[in-house]
Amino acid sequence: MLSARHQTGLVLFPAFDWAIEATHPEREERLLYTRDQICEEGLLDLEGVREYRPEPVSEADVQRVHFCLPGVDAVAGESHRIAAGGALTLASAWHAGEIERGFALVRPPGHHAQRVMHGGRGFCAINNEAIMIEALRQRHGIRRVAIIDTDCHHGDGTQDIYWHDPDVLFISIHQDGRTLYPGTGFMDEQGGPNAVGATVNIPLPPRTSDAGYLEIARDTVLPILEDFEPELVINSAGQDNHFADPLTDMDFSARGYAELTRLLAPDLAVLEGGYSIESALPYINMGILLAMTGLESDHVVEPYRRPSGGVQPEEITETVRRIGARTRAAWAKRAQRQAQLHAVSDECAHRTREIYYDTIDVFEQQHEAVRLCRHCGGALRIATRIGDGPQTLAVHVPLYACDDCRRTALRWFEQAPDEGFTAAFLQDRPADRYLMR
């Protein structure tokens, strides 16, 4: 029997009873073929591979991350909670020292779920990685976390949740938002005024191949990770960069995914997208699992050859290198950029956004204010409404809030009725409580 070199945990949760539609790309077959492939290859029989059973996360786990409006049950069903629970199950095993690595093969995905959620966005309702991370931080005192999102679609939900958090590095490597949903993730999106540089977007041109992805990982992502010094590294393992994926335009291979996993060496990986159900997903997932266990993956080959033959055009290579150079330069100047943003007399920074919920076909209007602070992520308030409906206030106290920011946030929450809000919600992370009025 082959012996894995790393103790690796695995959760498989296909969510048999949940689908957007029977023929929708995000359906249970995404993982059924993977399960068959893993069993056929005998990976579950490897010494050092341990399968875990997921348990649903609690309402409090969800509310630590999200304002689900009007409530958690209106946004997320049981399958969403179990998917997030699968990620948290492996995170708990990792923290307890039972495993060195963990791969949560779960659905539904979550990286388009933002801090405020009125319904589904991009097949996502709640953010699996963020719920996992915030439970670990709350229970075990982990502070500095790095998330590397390798899904072909920009992880706009994870970015939103950690936009103002200087202790969480969010790196998204994705297809250029000018060519793909959700149309975000540009290089000038670098984080809020108290967390400049902690958001790193790397938008790659369509048809980027293994060479481009691996060069970006080696020359740009790894030096940034080393500089940030995280206690925990998470891979949002979206697999729709594959050349056979029906929703995207990239040229990545299963072997490329395995090598990317070896380079990034995440502590935990959580499945996001990937919709080539038979031709790609089983082979990618097997390659990633082999890489996490420390075994060779050269024999992992898709059943269909890619039209390009894996040769990346020179113009794409040049574009990728320019993007990498710009990303490294922006990282080096992040402290200077933050000092410029703080050199203002205003107490708060503001931004207004219109957010489209493609699953339920509505627009949300948000006005956000964050207190400028040199000591923490800053008190955060979000005024939100759907269309012409009533306005709700969501107030967030960051986990490591200073006294001034905590007092400011509590004052905003108490004054909400006087400002005309029909409802107000409070995430008080230092007290680990969620309130509404």
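Everything in the sequence shown is counted per the working numbering, starting at 53 for the first residue and increasing by one. All residues carry an ideal CB built from backbone N, CA and C; glycine is no exception.
Could you pull out every residue in the same chain whose Cβ sits closer than 8 Å to the Cβ of Gln190, ignoring the five residues on either side in sequence? Arg116, Leu451, Arg481 and Asp484
For Ser261 versus Ala310, is the C-beta spacing smaller than 9 Å? no
Contact check, Ala47 vs Ile178 under 8 Å by CB: the rounded distance? Residue 47 lies beyond the range of the chain shown here (53 to 489); nothing can be said about it.
What's the C-alpha gap between Ala384 and Ala126? 43 Å
Quick check: Val158 and Ile134, are their CB atoms within less than 9 Å of each other? yes
Status (buried if at least 16 other CB within 10 Å, exposed otherwise) for Gly244: buried
As assigned by DSSP and simplified to three states, the class of Leu487: strand
Contiguous alpha helix (DSSP H) assignments of at least 4 residues, all confined to the region 355-414: 366-384 and 386-394
Asp97 versus Val353 - alpha carbon distance: 21 Å
Taking the beta carbon of Ala476 as the centre, do at least 16 other beta carbons fall within 10 Å, making it buried, or is it exposed? buried
Let me know the secondary structure DSSP gives Asn253 once reduced to three states. strand
Which first and last residues belong to the alpha helix (DSSP H) in which Thr86 is found? Glu81 to Glu92
Nearest residue (CA-CA) to Thr251, options His192, Gln242 and Arg259: Gln242
Every unbroken alpha helix (DSSP H) inside the region 305-344 [4 residues or more]: 306-316
Among Glu92, Val101, Ala187 and Glu150, the one whose alpha carbon lies nearest that of Ala139: Ala187
Specify the secondary structure class of His448 as computed by DSSP and reduced to three states. strand
Inter-stretch contact (C-beta, 8 Å, three-pair minimum) for the region 297-315 and the region 325-336: yes
With the cut-off set at 9 Å, would you say Ala446 and Val168 are in Cβ contact? yes
Segment limits, alpha helix (DSSP H) that includes Gly138: Glu130 to His147
Report back the beta-carbon spacing between His402 and Glu416 to the nearest angstrom; my notes put them in contact at under 8 Å. Their Cβ separation, rounded to whole angstroms, is 17 Å, which puts His402 and Glu416 out of contact at 8 Å.
Looking only at C-alpha atoms, which of Cys454, Leu316, Glu150 and Thr379 sits nearest to Leu562? Outside the shown range of the chain, which is 53 to 489, sits residue 562, and nothing can be said about it.
Can you tell me the Cβ-Cβ gap for Pro256 and Ile225, rounded? I've got them flagged as a contact below 8 Å. In the sequence as displayed, the identity of residue 256 is Leu instead of Pro. Going by Cβ atoms, the distance from Leu256 to Ile225 rounds to 7 Å, so yes, they are a contact pair.
Note down the Cα distance separating Asn490 from Val414, rounded to an integer number of angstroms. Within the shown structure, residues of the chain are numbered from 53 to 489, placing residue 490 beyond reach of any answer.
Excluding sequence positions up to five away, which residues of its chain have a Cβ less than 8 Å from the Cβ of Glu283? Ile194, Arg195, Arg196 and Val197
If we require 4 or more residues per run, which alpha helix (DSSP H) segments fall completely within the region 192-221? 208-213
Could you give the distance in angstroms between the alpha-carbon of Pro359 and the alpha-carbon of Asn287? 28 Å
Can you tell me whether DSSP reads Val101 as helix, strand or coil? strand
Tell me which same chain residues have a C-beta within less than 8 Å of the C-beta of Thr411, skipping the five on either side of it? Ile72, Gly171, Gly172, Arg173, Gly174 and Phe175
Backbone CA spacing between Ala317 and Thr75 [nearest angstrom]: 35 Å
Quick check: the Cα distance between Arg389 and Gly100, rounded to an integer number of angstroms? 45 Å
Closest to Gln291 by CA distance: which of Gly346, Arg423 and Cys204 is it? Cys204
Length of the line joining the Cα atoms of Met53 and Gly154: Summary for Met53: the model assigns pLDDT 43, below 50, so the residue's position carries little reliability; its value from the coordinates is reported in the next sentence. Rounded to the nearest angstrom, the two C-alpha atoms are 21 Å apart.
Under the assumption that Gly372 contacts Ile213 (Cβ atoms under 8 Å), give the Cβ distance between them as a whole number of angstroms. One point to set straight first is that residue 372 is Val, not Gly, in the sequence displayed. At roughly 28 Å, the Cβ-Cβ gap does not stay under 8 Å, so Val372 and Ile213 are not in contact.
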